[in-house]
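Numbering (the UniProt record's numbering), first residue to last: 1 to 201.
Cβ coordinates follow ideal geometry from the N, Cα and C atoms, glycine included.
Here the structure comes first, spelled out in structure tokens, and everything after it is commentary.
Dropping the structure here:
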């Protein structure tokens, strides 16, 4: 088989993948989310170190909720920005039937996890919120493994395992949260950038 025929087959394969998968995840999105995760972990650690047991429910509960919402907004906003910029460079639309399907599959486990966190919050079970976010985030990633880059599957398993470990070692759940949302995303973003973004520039 000559070189042109191989190139044609690769192009056909690429077109077929793009019609069924979202392959425009930006490495910078992962890096950004990782930085946000590490920053939030550092802030949380500072709060825990400087807050007495009597203050945990009255002070940390409100601040934990605010920190979670702010971190989520900044992380998602930055992640979407970098991914949309990549789709523009590739000359493809961001919102397609594929991305809509991916977002629906991704959001469903996240919403369930969010509801569970609200229940824990209302019952003053704050120590269960960090493991829950890790576990359901991992499940959300696993639910879209067939719709995007293959590396997502490995990240999903890492997040799920870290979430389960955080439940078991609840006293150290912040460490697992920092590893999951911070370091794992940072490394994942660098790998994605080196594998897909770097060669595209």
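| Item | Value |
| --- | --- |
| N- and C-terminal bounds of the alpha helix (DSSP H) containing residue 216 | Outside the displayed span of the chain (1 to 201) sits residue 216, for which this structure offers no information. |
| Residue 193: first and last residue of the uninterrupted alpha helix (DSSP H) it sits in | Careful: residue 193 lies outside any alpha helix (DSSP H) and carries neither H nor E. |
| Per-residue DSSP class, three states only, for residue 148 | strand |
| Closest by C-alpha distance to residue 106, when choosing among 24, 131, 141 | 141 |
| Rounded straight-line distance, which links the Cα of residue 27 to that of residue 196 | 8 Å |
| Boundaries of the alpha helix (DSSP H) in which residue 100 is found, first to last residue | 97 to 122 |
| Residue span of the alpha helix (DSSP H) that contains residue 135, given as start and end | 129 to 143 |
| Proximity to residue 65 [Cα-Cα], best of 187, 40, 171 | 40 |
| Limits of the unbroken alpha helix (DSSP H) element including residue 176 | 173 to 177 |
| Burial state of residue 58 (16 or more Cβ within 10 Å) | Note on residue 58: pLDDT 49, under 50, position unreliable in the model; the coordinate value appears next. Residue 58 comes out exposed. |
| For residue 92 and residue 47, the rounded distance between their alpha carbons | 44 Å |
| Distance between residue 163 and residue 192 (C-alpha atoms, nearest Å) | 23 Å |
| Contact check, residue 82 vs residue 143, beta carbons under 8 Å | no |
| Contact check, residue 186 vs residue 70, beta carbons under 8 Å | no |
| The region 116 to 127 contacting the region 86 to 105, beta-carbon criterion three pairs below 8 Å | no |
| Pairwise C-alpha distance: residue 86 and residue 79 | 11 Å |
| Residue nearest to residue 72 in terms of C-alpha spacing, selected from 111, 49, 98 | 111 |
| Neighbourhood of residue 166 by C-beta, 7 Å cutoff - its chain only, sequence neighbours within 5 removed | 130, 131, 134, 173, 176, 177 |
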